[in-house]
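So in the numbering used here the end of the sequence shown lands on 167, straight run, no missing numbers.
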Amino acid sequence: MDAFLEHYEKVRGRTSRVVDCIPAHRIEWTWREGKFTLGDLVRHIAAIERYMYAENVQGLPSRYQGHGRELADGLPAVRNFFDRTHAESMAVFGRLTDAEYSGRSVTPAGASITTSKWLRAMVEHEIHHRGQIYLYLAMLDIPTPPIYGLTSEEVKAKSVGPEPSS
2 MDAFLEHYEK
12 VRGRTSRVVD
22 CIPAHRIEWT
32 WREGKFTLGD
42 LVRHIAAIER
52 YMYAENVQGL
62 PSRYQGHGRE
72 LADGLPAVRN
82 FFDRTHAESM
92 AVFGRLTDAE
102 YSGRSVTPAG
112 ASITTSKWLR
122 AMVEHEIHHR
132 GQIYLYLAML
142 DIPTPPIYGL
152 TSEEVKAKSV
162 GPEPSS
């Protein structure tokens, strides 16, 4: 469980750094009417973590009610919601014993799944939506941080050429 919590905090740190790039005047921007806005994406990551995953691992049903502006409106409120719900979720996850982590949870669809797999699905879900935030910001020509410290161009510049073919 400790290894998962450490890993997830690193994932959240990378998500947090890209959320920091969202300008206040673009928080409700979307590429097309009816699609998630940047604010919706941040609220969704926060709300699904706290009100679905954190509830399910406690043996409780999902309390997820969506990702709308009624949860948090404006960049400071969205950021506060993102941070507050994460702290609440981490408190729940931090109370799980190794036996509970290896035990089972029930998804909103009624499927029984190993809690460790359910929490790994949460991480994958966050990464998916983080990618959308990166794409939205790229569409707006807003610079974003590299995920692991180097851009792909920097990695290429530091790499050696391909192996010779035989």
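Virtual Cβ for every residue (Gly too), placed ideally from N, Cα, C. Predicted model only: the values in this text are computed from it and were never measured.
| Item | Value |
| --- | --- |
| Give the DSSP-derived three-state secondary structure of Val161 in the structure shown. | coil |
| Since Val107 sits in a beta bridge, which residues does DSSP pair it with? | Ser113 |
| Taking only the alpha-carbon atoms, compute the straight-line gap between Ser106 and Asp3 and give it to the nearest angstrom. | 18 Å |
| Does the Cβ-Cβ distance between Met123 and Trp32 come in under 9 Å? | no |
| Taking 8 Å as the limit between beta carbons, can you name the residues of its chain near Thr115, skipping five residues before and five after? | Ser103, Gly104, Arg105, Ser106 |
| Within its chain, find whatever has a CB closer than 8 Å to the CB of Glu127; leave out the 5 residues flanking it on each side and keep chain order. | Val12, Arg13, Thr16, Ile46, Glu50 |
| Which residues mark the beginning and the end of the alpha helix (DSSP H) in which Ala4 is found? | 3-20 |
| How far does the alpha helix (DSSP H) with Met91 in it reach, from first residue to last? | 76-96 |
| Rank Ile134, Pro147, Met91 by C-alpha distance to the C-alpha of Glu10 and give the top, closest one. | Met91 |
| Taking Glu173 and Ala112 to be in contact with their CB atoms under 8 Å, please state how far apart those CB atoms are, rounded to whole angstroms. | This structure cannot speak to residue 173, because the chain is shown only from 2 to 167. |
| Count the other CB atoms, across all protein chains shown, that sit within 10 Å of the CB of Leu42; report buried if there are 16 or more and exposed otherwise. | buried |
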